[in-house]
Amino acid sequence: MKFANFLILPLIFLFTYCSKSDSNDDNQIDDNSSSSVSEVRDSTEDSSSNSQETSESTSDNNSNVVEEGVPEVFKKIYAASRVYLEGNNVVIEVDGAPDHKSPYYSRNHELYEPYNGSNTNFNQNPNSIKTFDFKFKIPLNPKEASKKVTTQLGSIGVSLNGVAFYNQYAGPNNQPLTNEINSFDQYAGHPQNQGVYHYHLEPTYLTSNKGQDALLGFLLDGFPVYGPFENDVKITNENLDEYHGHSHITPDYPNGIYHYHITDTDPYINGNGYFGSPGTVSQ
């Protein structure tokens, strides 16, 4: 009988301890749930701030898709699904769809938003945003080309959010953007007839979240594209060469590099062609 009592007492103690432990676990779950609801409420109240934080967080986590040997700067392409070296080139894989709202998404898409920009002549084109398997293959160590080539219609580069850069012309015959510009959504982009969303002008979603002087992407020749400001000074076409760039140090390239700047007047992103030798893009 004494031996039975000796066994029962530890069992009672063990049962009591486990019950308290389970209760603490339940309280922890409730605390986490309450915190999540609070975060959602905060993000809903300030969508602009949330967009910026999401982009920065995604950029920080992008080291998972940027493979060994790729320069650190390419981690800023936060929409990439994979970035890797292939010979003397960097290959950037993206789906090409913007991470911001647009009237060009289908109405049941979470990023659909009617046009709410300032262009009173806005005229939505009939195309819709689609996703693709883009591969931008650009030089790892870009150099000035001995013979410059003009940019083609279609993708001439890739932005940080995976959207393609296009040049200053509309298809099919290198027409000015005079009419086409009225189909640009509130973030200055639109899709062409295959569904490829792209920017001809300043990607305002990126400059509003990353900064007017921030790195915005790369052209196919491997040279970086920066926003319309530099050292708190607005860049104009007169500050740039015929290819729409110049050379000096940047925050991302402390030893200096040729780079393009986006301006608010034609030719916007690129001038008379690529400064370097362009790589390729496939979709």
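The sequence shown begins at 72 in my numbering and counts up one residue at a time. Just so it is clear, CB atoms sit at the ideal spot from N, CA and C, and this is done for glycine as well. If you're wondering where the values come from, they're calculated on a predicted model, not measured in any experiment.
- Item | Strand pairing of S318, partner residues [DSSP] | Under DSSP, S318 shares a beta bridge with Y329.
- Run of the alpha helix (DSSP H) containing L277, from where it starts to where it stops: For L277, the enclosing alpha helix (DSSP H) covers residues T275 to K281.
- Which one or two residues does DSSP pair with G347 in a beta bridge? Partner(s): E215.
- Message: Rounding to the nearest angstrom, what Cα-Cα distance links H171 and L291 in this structure?
- Response: In a straight line, the C-alpha of H171 is about 23 Å away from that of L291.
- Message: Considering Cα atoms alone, identify which of V141, S134, Y149 and N160 is closest to G350.
- Response: With distances taken between CA atoms, G350 lies nearest to N160 out of V141, S134, Y149 and N160.
- Task: Starting from the Cα of G140, find the closest Cα among V162, N308, Y149 and A151 and give me that residue.
- Result: Comparing Cα positions, the closest option is V162.
- Task: Label E273 either buried or exposed according to how many other C-beta atoms from any shown protein chain fall within 10 Å of its C-beta, with 16 as the threshold for buried.
- Result: The residue in question, E273, is buried, as its Cβ has 16 or more Cβ neighbours within 10 Å.
- Query: Straight-line CA distance for T275 to L211?
  - Reply: Cα to Cα, the separation comes out at about 27 Å.
- Roughly how far, in whole angstroms, is the beta-carbon of V144 from the beta-carbon of D303, given that I think they are within contact range, below 8 Å? Between the beta-carbon of V144 and that of D303 there is about 22 Å, and that puts the pair past the 8 Å contact cut.
- Message: Which same chain residues end up closer than 8 Å to G293 when comparing Cβ atoms and leaving out the 5 residues on each side of it in sequence?
- Response: Here G293 has V161, I209, P210, L211, N212, P213, G347 and G350 as same chain residues with Cβ atoms under 8 Å from its own Cβ, once five neighbours each way along the sequence are excluded.
- Message: Any beta carbon from chain C within less than 7 Å of L182's own beta carbon?
- Response: The structure shown has no chain C; it contains just one protein chain.
- Item | Spatial distance of F205 from G167 (CA atoms) | Their Cα atoms are separated by approximately 7 Å.
- Using the Cα positions of L287 and V296, report the straight-line distance between them to the nearest angstrom. Between L287 and V296, the C-alpha separation is close to 6 Å.
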